[in-house]
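This report refers to the structure that appears directly beneath it.
There are 4 protein chains.
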Amino acid sequence: VKAVQIHGPRDVRVADVDDPRPESETDAVVRVTSAGICGSDLHLYHGRIDIEPGFVIGHEFTGVVEEVGASVGRVQPGDRVVGAFQTACGTCWFCRRRWYHNCTSMRLFGFGMAAGNLSGAQAERVLVPNADLALLSIPDELKEAQALFVGDILTTAHQAVRNAAFRPGDTIVVIGCGPVGLLAQRCVLLQGAGVVYALDRDAARLRIAAEHGAIPLNIDEQSADDAILEATDYRGADAVIECVGAEAALNAAIQLVRRNGVVSVAGVYTDDISPFPYGDLWMKDVRLVGGLCNVLAFWEEAMALVTYGRLDPSFIVSHELPLAEAPNAYRLFDRREALKVVLHP
Amino acid sequence: VKAVQIHGPRDVRVADVDDPRPESETDAVVRVTSAGICGSDLHLYHGRIDIEPGFVIGHEFTGVVEEVGASVGRVQPGDRVVGAFQTACGTCWFCRRRWYHNCTSMRLFGFGMAAGNLSGAQAERVLVPNADLALLSIPDELKEAQALFVGDILTTAHQAVRNAAFRPGDTIVVIGCGPVGLLAQRCVLLQGAGVVYALDRDAARLRIAAEHGAIPLNIDEQSADDAILEATDYRGADAVIECVGAEAALNAAIQLVRRNGVVSVAGVYTDDISPFPYGDLWMKDVRLVGGLCNVLAFWEEAMALVTYGRLDPSFIVSHELPLAEAPNAYRLFDRREALKVVLHP
Amino acid sequence: VKAVQIHGPRDVRVADVDDPRPESETDAVVRVTSAGICGSDLHLYHGRIDIEPGFVIGHEFTGVVEEVGASVGRVQPGDRVVGAFQTACGTCWFCRRRWYHNCTSMRLFGFGMAAGNLSGAQAERVLVPNADLALLSIPDELKEAQALFVGDILTTAHQAVRNAAFRPGDTIVVIGCGPVGLLAQRCVLLQGAGVVYALDRDAARLRIAAEHGAIPLNIDEQSADDAILEATDYRGADAVIECVGAEAALNAAIQLVRRNGVVSVAGVYTDDISPFPYGDLWMKDVRLVGGLCNVLAFWEEAMALVTYGRLDPSFIVSHELPLAEAPNAYRLFDRREALKVVLHP
Amino acid sequence: VKAVQIHGPRDVRVADVDDPRPESETDAVVRVTSAGICGSDLHLYHGRIDIEPGFVIGHEFTGVVEEVGASVGRVQPGDRVVGAFQTACGTCWFCRRRWYHNCTSMRLFGFGMAAGNLSGAQAERVLVPNADLALLSIPDELKEAQALFVGDILTTAHQAVRNAAFRPGDTIVVIGCGPVGLLAQRCVLLQGAGVVYALDRDAARLRIAAEHGAIPLNIDEQSADDAILEATDYRGADAVIECVGAEAALNAAIQLVRRNGVVSVAGVYTDDISPFPYGDLWMKDVRLVGGLCNVLAFWEEAMALVTYGRLDPSFIVSHELPLAEAPNAYRLFDRREALKVVLHP
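Chains as they are written, first to last, in the numbering used here: chain A, 381 to 725; chain B, 381 to 725; chain C, 381 to 725; chain D, 381 to 725.
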C-alpha cells in the first residue's frame, strides 16, 4: 500500500509499504479515506523531533474499517470511522482513571519508535491497536471533513478551552489563528464566553477568525496588551488559550491574563524556557494548565457538538490533495500557504 | 407617588403612596422606568402567598438613581440601573460566602412583611436598601428591556442552567416555555449543550422556543418520554431544567433524565409533594438541585452575556403598558394572553 | 460447593450447588475466604425485594483467585482479592464515562435474575464476570477483614461523603450508626470536616461512634434539631449523610441541613415517599444526591486509605461465623444483635 | 507606642512611633498581644524587597480591639482577634468575587508604601483598615498561639493544599519543613491524603515532621526522586506542595509529580526563572497553581479546624520573646536557629 514516509528534514516521500493486518484480537485495520497534515507533523518535517528514516507518518484520519480482531466490539468492517492520534492500553493505572493520554504504554500514530512504534495514517491502510478505544464511528449525517478533526485538533482545542474553566460572559484571548486556534475560538464561544479575541499577525487568518465571531487583533499593527486591558476595565483577560507553541506566545499569554486567571496551553512545548516569568505568574496567581490532549476521553463531546450542528470544523480545510502529492502538501503547509491540508489516498 | 398595591386575590390597584427617601446611608432611591410582572407575582395575585392588603408589589425593575445614602459608592444619582429582586445584608455568615439568597436578613421586594417588609417596584419610585449590592449599572449600549431581566428571571434561568453542570454536546430538556423556560433554553445553548428540547402544551410559546433554537415538544401531542428516549439512544436527557413549578413538571423531569443526570429546578416549590418518586430518583442516581436564584452572585455574568450580544432576553416581552393599567396587565398575564408584561411608570 | 440460598422470607439455607467454572475469557473463579452479610441482604431476607427461591446470595467477599479466563490480566490464580458487589461490561456508554454503577448490563452478585442473574458470594466459590474490573488485589500488609469492606460498604460510605463535597472545618451529621454510618463518620473526619455528629437510638452503637471520634446524639433522648442548631449558630449542618434508608431518616436529613447545604444519601430507597417535603428542600436550596455506589470507580481510593493506615474498617465486625451457620448469622443480624457478621466458608 | 522598624538589610530596631487612631469609620485599632516573624519578613530583612527606612513591619498578629469606627460591626472593643496579613476594599471587581488577595487596592501590613502604606503589626498597637474584613474573632476556647497563624501561614498552607485538589488516599509530597511546610503536611493529612512525604535537609525539622505524621526524606541523604518513585509504583507523587520559595524547590516539585498531577506553590516567587523546565511540565500535563493566599476567603475554614481541635498549629512556635528583643529574634530566625518566633509587646 502507498504511504507517506519521512526520510529527513523536509524530505517526505510516498512509497509502497507492507499491507497491515490485525496482529492481535483487539486490532483493526482501516482503509484510510482522508488524512490531515497537522502542525505537530512539522516538528518531524523540520527535524525538531527525531524519527527513524522511512517511518510512515500522519495521525489524523478517517476511513472505513476493513478487518477487526476477534474481541473488537464497538466497530465492525464497513463502519465509517475517525481515528484518534493515539491509542492506549485501557487498563493501566492512568487508563483506569480515564487519563488515556497518560497511558503508560501510550502509542502515537506516526511518531517513530520512541512514541510506541506505530505506523502513521497518511497511508492507504493503517493498523489500529485497541480499536475499541482508538476509533469512533462517524454519524451518517456527517461528512468526513466534519468528523476528521474530532480525532485530534478539534478535541485538542475543545479540551484546552474546557481546561480554562472560565465563566459565562468572560473575556477570553486565543493566541494564534492556525487550525487549532481558529477551532479554539469557536469552542470558546460555544462554551459561553462573552467575547473572544483572536491574536495573530496573518491578516488572512485573522479574517477567518473574524468571520467566525472572534475579534481579530493583528499584533503587528497594535498592542494586544493595550487592547485587552481596555476591553477589560484594565484587568486583563479572564483566560488565555495558547495555540501556537512558542516561547513568545506563552509569555504573551502570561502577560495578557488577569490576576487569578487561567492560561491553558494547547500549543506543544518540549523544551526549557529561559527566562520564564514565573514571578509574574505567581504574583498574578495564575493557574497554568496544558499538555497533550486526552482525546479518547473528550472526543465524544466534540463529536456530539459537530453532530448537532453546533460547530462545523471543516471551514479550516484550505487544500484537499491526493496522497501522492504529499511532498507538495507538506511544502504548502510549511510555508503557511495552506491553512490545513487533507490528503486523500 | 403612584404604585401597584395588592388588596386580595385578583385585586390589584394603582394608588398614591408615600414618596420613599433614603433611610440609612446604604440606601438608594430609584425612579422606576420599567417594571416587569413576574410569574411569582401571580402567587400573590392568586392568594397562594399571604400578604398584607395594600402592600406595594413588584420586584423586577430598571430605573434611574435619584438619591443615595452617604456610603453608597457603586451607583450615583443619574445612573441607569437594574434592581435585583432581593437585597441582602452583605455581612452575615451566608453573605460572606457569597450566598446572598440565603442572607439571614434577606428582603424581597414586594412580598410583604414576612419577606422583609420591603415595598415593591411596580411604582414610580422605590427604596433600595444596601444599594451597592442590590443595584447594577446598565451599560450604555443596552436598552432597558435588555437589562431588565438580569435582575430576576434571566439570572434565574442562567443559574439553573449553570447548576445543571452538563457537558458540552449534552442533550438537555427544558420543561416549560414561559419566560423563564424560554430564557433557560437560550442559556442551555449558550453554555454549550448539543441540543435542547422545549416542552410545553402552548403552541404559540413552542413556536417562540423553536425560533430561538430549541426543538419543540408539545406534550399534548406526543410523548415526551418516547421522544427523549429516541433522541438519546434510550438513555434519557443528560439534564432537565424544570421551569414551571408544578408537581407534574417535577415528576416529568425525574422521568426524563437519564441515570446519573441532573434535575435543576428553577420553578418555585413551597409545599410537600405526595407521592414523590424518590425511589426512582435514588435508583437512577440523579442529583436534584434548585432553589431561589442567587441573583447578586450571578447577575454580572448574565449582564456580560447580554452586553456582549450573546443573548438578548427582550424577545420575551409581549406587552408594554403604562403603570396605570396594572390591573389589566395582571389579567392578561394571569390568563396567559401575555407572555411577559412590562409596566412603565 | 456449599453456598447460602434464600428460599423465602427469613428462610436462608446452606446447600450444595454446582461448582462454578469460567464461562468466558474475562471470567475468574474465586475461592471465597470471607463473606459479609450486608444490610441490603436484609431486603431479600425480609421479602421486600423479590428473588427466585434457591438463589445464592451475598455480595461482599474476599478470597483467592483459582482460575481465570484467557484475557484476564490484572489478577492471577493465587492472588488474594476483594470483590465488588457488582460487575460491569466496561464498554457501554456509562462504563466509558466510568459510571460503572450505571452500566446498561450491570450485574449484582446475589440479587436474582432481575439483577443480572449472578450467583452470590456467600459460598465456597464464586464466578466473577469481567474479573479485571470486579476484583481488586489486596495488598500484602492488610488482613482480609480490613479489605473486605472496600468492595461494598466502606466505598459506599466513602463515596457518599465525597458526594457531600463539604469544606474543611464543616459540621457534618451522619444519620445512623449501622456499619455504613459508622464508616461514613470515619470518612467524614478523614476528609477534613471540623466535627461529625452521629445519630442513632442504639446506645451501644452510639458508643462505638464516640470511640471513633464522632459526637453521639441519641435521638430518643434529645432533639437532634436543637443540638445541631445550637452547634451551628442556628444554621443547621453543612451536610448530612443519610445512612439508614428510611423515610423518617431522609426527612430528618432535610430538616437538619442548613440552607445551601447537601443531603447525601447512602441509604437505599426504592419506593415513593408521601408526603415528601420538597417545598422545604427547595426553599432551603439544598442539593440532594444519592444512589448506588460507583464502587468500581472509587474503590482504589478506599483501598489506599486502608493500606496507608488512615482508616481501619474492621472495627465494625462483631461476629465471625462459619458459612454453615449462615441461618443463625442472618437471625443475629436481623435482630440487630450483631453489628456486622462475616461468614467464613 | 513601641514598634519594630526596618532601617536597612539586617537592621531592625524597636522605636517609639505615633499611636494609631481610627482614621475612617471602617477602621479599628488593635492592641497587639502577639506578633509572629514570618519567612516573608526575611525578604525585607535581607533587602530583597525594597522598603522605606523606618517603616514598621510585621503582618501576623493577635490582639484585643481597642477602638472601632462607627460602621464596624463584626468586632467590638474588648474582642480578642487575629488579624489577616492584608486588608481589602471589599467592593472592587475582585473583592466582589471573594478574591480579596487580588483586591485592586489591596494593602499588606508592614511592606512599605508600594504595598499600600500600611504600618506593620510588630508593634504595641496597629491600625486595621476595613476591620470587618481583616479581623476575625478568636473563640474563647483557643489560646492565642493557636489562633495567631490563622491570619497568615496556617491559612496559606491550608489553601495551598486545597488548591492541589488531590483525591483521598493520594500520595503527596511537601517540599520544605519550615513553618508553612510543617503546617501544610498537617493539612494534607487532614484533607484525606493517604500519605505525605516531607522533604528538607534539616534533621531537626524533619524530626518534627515525622512526629506529626509525615514520612521524612532528608534530601542530603537520599534521592527524593527514587524514594517517591518507589513509593508510587514509579508514577510520581499525585501532588506536590512547594513551601520553600526557591528555584531548586520548584524544579524538584516538577520532577517529583506524576503525569496529570498538580504542583501547588505556597512559597513566594517574584523573579524570572532560567531555565524553567516548561517542556517537562507540558509533557507531563501538570497543573501549576500558586500565588498569594486568599486569607480573607479561607481563614474561617482554618479557624474552624483549629477550634474543633482537628489541628493545633502552635507546635511550630520555637521561641516567644518580648517585642523589645526583636533584633535578636530576627537574628535567630534568619540563622534558622528558631523555627518560629512570636514577639509579645
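Beta carbons: idealized from backbone N, C-alpha and C, even for Gly.
Out of the options, which has the shortest C-alpha to C-alpha gap to residue i?
i	options	result
C:Pro725	C:Tyr688, C:Arg401, C:Glu403, C:Val410	C:Val410
D:Glu405	D:Ser451, D:Leu661, D:Tyr649, D:Pro702	D:Ser451
A:Leu562	A:Pro707, A:Phe695, A:Asp459	A:Phe695
D:Gly574	D:Val444, D:Gln565, D:Gly427	D:Gln565
D:Leu685	D:Val445, D:Asp714, D:Cys567, D:Phe435	D:Cys567
D:Gly388	D:Ile653, D:Glu622, D:Gly427	D:Gly427
A:Val675	A:Asp399, A:Ser644, A:Leu488	A:Leu488
C:Phe441	C:Ile653, C:Leu515, C:His481, C:Pro707	C:Leu515
C:Glu524	C:Gly558, C:Asp618, C:Ala415	C:Ala415
C:Ala494	C:Gly443, C:Ala545, C:Ile431, C:Val669	C:Ile431
C:Glu446	C:Val436, C:Asp459, C:Arg454, C:Gly438	C:Asp459
C:Ile437	C:Asp606, C:Cys475, C:Gly492, C:Met486	C:Gly492
B:Gly689	A:Asp714, A:Val669, A:Thr551, A:Ser485	A:Thr551
D:Ala718	D:Cys472, D:Cys418, D:Ala511, D:Cys483	D:Cys418
C:Glu610	C:Asp600, C:Ala628, C:Leu636, C:Gly593	C:Leu636
A:Val412	A:Phe474, A:Arg639, A:Leu507	A:Leu507
B:Glu700	B:Leu528, B:Thr687, B:Asp606, B:Ala646	B:Leu528
Within the continuous beta strand (DSSP E) that includes residue i, where are the two ends?
i	result
B:Lys382	382-388
C:Thr413	408-416
C:Asp618	617-622
C:Pro702	699-702
D:His724	721-724
Using the three-state DSSP reduction, which class does residue i fall into: helix, strand or coil?
i	result
C:Phe713	helix
D:Asn674	coil
A:Val530	helix
D:Asp421	helix
A:Val397	coil
B:Leu661	helix
D:Pro519	coil
A:Ala503	strand
D:Ile634	helix
A:Leu685	helix
C:Ile696	helix
A:Leu728	No answer is possible for residue 728 of chain A: the residues shown for chain A start at 381 and end at 725.
Can you tell me the Cα-Cα spacing of residue i and residue j, whole angstroms?
i	j	result
B:Val697	B:His538	18 Å
B:Tyr577	B:Ile533	19 Å
B:Gly572	A:Gln571	5 Å
C:Ala704	C:Val394	6 Å
A:Val560	A:Lys382	28 Å
A:Leu630	C:Gly470	39 Å
C:Asp613	D:Leu569	28 Å
A:Gly670	A:Asn543	8 Å
C:Asp580	C:Gly556	5 Å
Following the continuous alpha helix (DSSP H) through residue i, name the residue where it begins and the one where it ends.
i	result
B:Asn640	Not the alpha helix (DSSP H): B:Asn640 falls in the beta strand (DSSP E), residues 637-645.
A:Leu513	511-514
| message | If we require 4 or more residues per run, which alpha helix (DSSP H) segments fall completely within the segment 540-607 of chain D? | response | Within the segment 540-607 of chain D, the complete alpha helix (DSSP H) segments at least 4 residues long are 559-570, 583-591, listed from N- to C-terminus.
| said: Which complete beta strand (DSSP E) runs does the segment 432-486 of chain D hold, if anything under 3 residues is left out? | reply: List check, beta strand (DSSP E) in window: 440-448, 460-463.
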